[in-house]
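Here is the structure we will look at.
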Amino acid sequence: MMKEGKAIQEITIEPVTRIEGHLGVHVKVDTNTRKITDAYAYSPMFRGFEIILVGREPSEAVMITQRVCGVCPVPHALASVIAVDQVYGASPPPMGIVLRNLVHGAEQLYDAEVGVINLEGPDYSEVAIKKFNPDWWKEAQKTKASGSDVHGFGTIAEIMTALNPLAGELYLRSLLVQKAGHNMAAIFGAKHPHVQTFVPGGVAKANLSPSDIESYLTLLMRHVAFTKELVTATDDLLDFVLEQGYEDVGAREANLGSAGAYDDPEAYSAEYGEMTDWGRKRMLSPGVILDGKLVTTDLVEFNVGVREHIGSSWYSSEWKQEIETDPLGNKIALEHPWNKRTIPKPGELGKFDSAYSWCTSPRWRHWKGDGEDHNIELGPLARMWVTTKAKLVPESTGKSLKFELPAAVIPGFKYAEKMEFEWKIPEKPNTVERIRARAYYHAYSASCVLKMVMKSLELLKAGKVAVWTPYKKPREGIGFGATEAMRGACLHWCVMKKGVIHNYQFHAPTTWNASPRDPEGNPGPYEEALLQTPITEAGKPEEWKGVDVVRVIRSFDPCVGCAVAVHMGKRIVKHELLPFAVPL
Amino acid sequence: MFSIYTGIYAMALEEINLIWLEGLDCAGCTISIKQASNPTLIDIVTGAIPGLGGLKLVFNPTLMFEWGEDASKVLVDAMEGKYDPFVLILEGAIPDEARAKPGVYCAIGEYNHKLLLLDEVVDGLSKKCAAAVAIGTCASYGGIPSGKPNPTGARGLLDYLGKKWKGGLGLPVICVPGCPPRPDNIVQVLGHAVLAARGLAPLPELDEHHRPTYLYGDTAHENCSICGFFSGGVAGHGFGERGCLGLVGCKGLITHCNASATWMDGYGGCTETGSPCIGCADPNFPDPPTSPFFGDAPPIAYLKDFSRGLRTQVKLAIAAAKRRKI
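Chain order of the listed sequences is A and B.
Going by my numbering, the first residue of the first sequence is number 15, and it counts up by one from there.
Going by my numbering, the first residue of the second sequence is number 585, and it counts up by one from there.
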């Protein structure tokens with residue numbers, strides 16, 4: 015509601031439902047300049063996983079932590095098993111790493127489709143555009159789609175229609191292809207969600223045979239065929255959205271981070287000291303970009319720089335410094351997750367000047383550089399950007415990622431030829447580029463997984479079929495595991511004493527992206543992206559539903575749909591669209 | 585109390601509303617049901633199957649079009665009986681909000697500037713619902729959030745409402761455990777409940793933990809595709825080895841579950857793939873005896889199964905001595 019004489023309007027979107035919990039967003043909009051002037055993101059749901067883990071065997075953490083999220087369980091299982099590999103000193107054989115990659119890749123493929131088509135897509139569907147941006151709709155009907163020979167849609171409006179929830183062609187076909195992703199994960203993971211086979215030292219897969227790999231490859235080719243349509247249609251749609259003046263929506267500086275993913279089967283080891291080397295051999299590179307510049311590609315430096323602040327969160331900070339240095343002798347801070355403890359201290363909702371979230375505020379300290387804490391964004395845009403800048407993979411040209419996918423003649427898919435892809439570093443991170451990067455990440459993942467399938471056949475042929483290395487459990491150990499989930503990095507830290515977990519901390523991607531203010535008052539990535547975002551929504555301010563706010567949040571890919579009650583001052587308006595996240 | 589066999593109530597069931605709540609959950613059960621094949625969720629929602637038509641999903645935080653005040657209003661109205669008859673479906677555990685003061689552990693909506701907490705909504709809806717189904721181990725028995733030391737005081741629906749609670753159809757809480765349950769288990773239990781409510785199928789028989797016996801009557805061990813290794817005495821001593829997984833911690837002997845041989849569409853399956861059962865469908869999960877996951881199952885379970893096997897072998901030997909009739 016607009017107050018008399020004031021042009022500031024407060025909007026609360028709450029809860030923005032997500033998988034790791036429920037999420038709320040509170041923003042203030044200046045209705046004269048049509049810009050967001052203040053924003054707070056918060057999470058009002060708590061389960062206490064890190065407390066439940068204490069006293070258990072570290073290998074149990076692999077099974078338990080993935081159950082934090084039913085949408086992206088595998089990256090948690092993977093980050094956890096990497097940490098526990100280090101704790102136990104158990105390096106898997108190459109085939110073990112290949113199988114972990116195949117399960118991980120299967121999940122990334124299904125999850126990218128959910129994000130682009132079923133989650134973010136409907137915000138740009140015919141139903142949404144006609145309602146919120148009616149001017150765009152007229153324009154879209156006139157605008158030819160340049161990739162129609164691949165995806166078959168003549169105009170941008172046709173793509174928008176195909177994104178209509180539970181009715182559009184792309185929306186429904188995406189659901190069918192996703193099922194292939196779950197099945198692929200089940201071949202080597204036993205089930206999905208919550209895979210059963212990730213164990214320290216490798217993978218619990220018995221009787222591995224070429225027929226397992228054939229089954230996997232058959233299903234993979236459906237994703238390969240679909241990604242050609244997915245990327246081309248997304249490109250056409252997003253170019254159109256950008257032309258409608260969307261470049262500043264959700265924009266922030268290029269402060270980005272990636273843990274990297276898809277390990278090199280020959281290079282990976284359980285040695286913390288070798289992590290710098292094997293991290294750089296990942297098919298997706300690890301690294302941090304500050305102000306557009308790549309400052310590191312070293313996973314050890316990344317780990318040591320992590321700080322977890324809790325000033326704006328409902329926890330107590332009464333923990334002690336127990337770990338002084340990492341295994342290489344680098345100093346570990348009090349706020350580093352190897353020291354940090356989870357001590358809940360519930361507080362009231364809506365106190366934005368003090369604690370207001372169950373989410374903490376992780377920041378990355380550039381300890382080898384300026385010594386400052388930086389608010390870095392995680393996700394497909396960040397990892398594609400870092401991989402391009404790092405120039406550690408053959409696909410990177412320094413300014414783009416270039417790769418090719420083979421021909422795939424499959425009934426029901428529109429483009430059978432082989433296809434070249436090139437993802438270029440955009441001008442700045444914003445709502446549109448986050449979604450575009452997610453689509454290209456789908457295609458890039460498909461190409462990484464294809465290579466990994468070939469690797470598995472090569473190993474089979476060479477008789478290197480061992481999937482697991484026996485280990486002897488030590489009494490003490492420490493580990494750090496990191497990999498990429500769809501919507502950002504999963505980071506896990508484990509400290510073992512007397513054979514059981516002494517302290518276990520983990521960050522979901524959203525812990526970083528949805529983080530509240532840090533002790534210096536700096537906003538988290540969601541909050542920062544919302545600040546200064548222009549409102550394009552048609553109609554009078556008092557009738558706004560907050561579609562631009564939701565589009566910004568969705569571009570980060572919260573697991574399920576947001577959009578909820580939109581409060582206009584004291585008046586709550588009904589919110590009709592936006593929702594639907596995890597599809598049927 | 586209505587009986588499903590009274591035609592009057594069955595007629596009133598032409599349209600059945602489904603209200604699906606998410607508590608302390610991970611949405612893994614929702615992701616699971618999305619993969620179901622027999623039938624698919626779309627088959628159910630669109631009424632493509634005779635006898636299963638007329639279902640309306642009026643509340644599901646991940647699927648519904650409305651949210652906020654509109655969505656919360658569904659819950660408020662349902663608590664006043666305006667959505668009768670409806671089936672209450674819960675995914676995720678229920679925390680003890682008294683421990684969260686002055687904060688909250690799980691709010692699921694807001695109405696008239698007042699937060700709707702999960703436990704209050706469950707209280708209200710359980711007084712009106714025709715039946716209540718707990719999907720997944722969290723909703724059934726507490727699951728992961730209730731793992732020791734249970735930081736939020738989380739409980740499953742069975743414990744929360746009590747074993748004596750009964751819905752409008754006269755059925756107690758129905759549990760569909762598993763973390764998550766097999767996709768087909770979820771759709772089949774929901775479908776069966778509806779057929780039973782309409783008098784088209786028998787009431788589901790439930791065991792002591794309120795699980796439908798036609799899905800959970802046998803243990804993962806009994807359903808195991810490689811349990812021949814157990815009876816044949818071939819044991820795996822590490823991961824990736826061919827053989828019974830008992831020595832690497834399999835809890836299939838004590839866990840009632842049908843996911844050991846296959847997950848979906850013939851792919852996967854826990855022991856079939858080579859991973860020991862961790863007991864994720866067991867009421868005690870993730871605490872002992874399912875934990876430590878890679879520790880031994882209780883010896884008594886082995887002894888029982890071994891002696892059963894021995895008895896069977898003797899019976900078979902005696903039977904083999906007799907002349908065949910065919």
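Think of the CB as a built atom: it goes at the ideal place given N, C-alpha and C, for glycine as much as any other residue.
Note on Ile-810 (chain B): 16 or more other CB atoms within 10 angstroms of its CB, so buried under the neighbour-count rule. Here the C-alpha atom of Trp-352 (chain A) lies approximately 18 Å from the C-alpha atom of Ser-73 (chain A). Taking 3 residues as the minimum length, the beta strand (DSSP E) runs contained wholly in the stretch 232 to 303 of chain A are 270 to 272, in order along the chain.
Spanning the alpha carbons of Gly-271 (chain A) and Asp-44 (chain A) requires a straight line of approximately 31 Å.
Per the Cβ contact rule, the stretch 359 to 366 of chain A is not in contact with the stretch 490 to 510 of chain A (fewer than 3 Cβ pairs under 8 Å). In chain order, His-90, Ser-94, Phe-520 place their CB closer than 6 Å to the CB of Thr-79 (chain A), counting only its own chain and leaving out the 5 sequence neighbours on each side. Within chain A, the residues Ala-200, Ala-204, Lys-205 have their CB atoms less than 7 Å from the CB of Trp-847 (chain B), given in chain order.
Under the 8 Å criterion on CB atoms, Asn-269 (chain A) is classed as non-interfacial with respect to chain B. By the neighbour-count criterion, in which a residue is buried when 16 or more other Cβ atoms sit within 10 angstroms of its Cβ, Met-289 (chain A) is buried.
According to DSSP, residue pairing for Glu-694 (chain B) in a beta bridge involves B:Leu-699.
When the five nearest sequence neighbours on each side are left out, the beta carbons in the same chain lying within less than 6 Å of the beta carbon of His-506 (chain A) are those of Ala-93, Ser-94, Ala-97, Gly-495, Phe-520, in order along the chain.
The beta carbon of Ala-154 (chain A) does not come within 8 Å of any beta carbon belonging to chain B, so the residue lies off that interface. Pro-523 (chain A) sits buried, since 16 or more C-beta atoms from the chains shown fall within 10 Å of its C-beta. Across the structure, Pro-786 (chain B) and Gly-665 (chain B) are spaced so that their CA atoms are roughly 27 Å apart. By the rule that beta-carbons nearer than 8 Å mark a contact, Ser-330 (chain A) does not touch chain B.
The distance from the Cβ of Gly-393 (chain A) to that of Phe-570 (chain A) is about 6 Å, consistent with a contact at the 8 Å cut-off. Taken in chain order, the members of the stretch 852 to 868 of chain B whose beta-carbon sits within less than 9 Å of a beta-carbon on chain A are Gly-852, Gly-853, Cys-854, Thr-855, Glu-856, Thr-857, Gly-858, Ser-859, Pro-860, Cys-861, Ile-862, Cys-864. Straight-line measurement puts the Cα of Glu-789 (chain B) at about 37 Å from the Cα of Ile-65 (chain A).
Runs of alpha helix (DSSP H) with 4 or more residues, each lying fully within the stretch 820 to 896 of chain B, are found at 854 to 857, listed in chain order. With contact defined as three or more Cβ pairs closer than 8 Å, the stretch 449 to 466 of chain A and the stretch 228 to 245 of chain A are in contact. Annotation: the continuous beta strand (DSSP E) that includes Glu-675 (chain B) extends over 670 to 675. For Ile-78 (chain A), the residues of chain B that pass the 8 Å Cβ criterion are Ile-728, Gly-731, Pro-870, in the order they occur in the chain. Runs of the beta strand (DSSP E) spanning 3 or more residues and lying entirely within the stretch 144 to 184 of chain A do not occur at all. Within chain A, the residues placing a beta-carbon under 8 Å from that of Ser-616 (chain B) are Gly-84, Pro-207, ordered along the chain. Within the stretch 337 to 363 of chain A, no run of alpha helix (DSSP H) reaches 4 residues while sitting entirely inside it. Note on geometry: alpha-carbon atoms of Asn-221 (chain A) and Gly-110 (chain A) lie some 13 Å from one another. Within its own chain, the residues whose Cβ lies closer than 8 Å to the Cβ of Met-663 (chain B), once the five positions on either side in sequence are excluded, are Val-705, Gly-708, Leu-709, Lys-711, Lys-712, listed in chain order. Burial state of Arg-377 (chain A) is buried, judged by a 10 Å Cβ sphere holding 16 or more other Cβ atoms.
Straight through space, the alpha carbons of Leu-625 (chain B) and Ile-633 (chain B) are spaced by roughly 11 Å.
Under the DSSP definition of a beta bridge, Ala-451 (chain A) lacks any partner.
With distances taken between CA atoms, Gly-216 (chain A) lies nearest to A:Pro-484 out of A:Pro-484, A:Thr-550, A:Ser-529. Look at Gly-720 (chain B) here: in three-state DSSP terms it is helix. Under a 10 Å Cβ-count criterion, Leu-252 (chain A) is classified as buried, with 16 or more other Cβ atoms of the shown protein chains found around its own Cβ. DSSP links Asp-387 (chain A) through a beta bridge to A:Arg-379.
Look at His-456 (chain A): its C-beta is not under 8 Å from any C-beta on chain B. Residue-level contact by beta carbon fails for Ala-819 (chain B) and chain A, as no gap is shorter than 8 Å.
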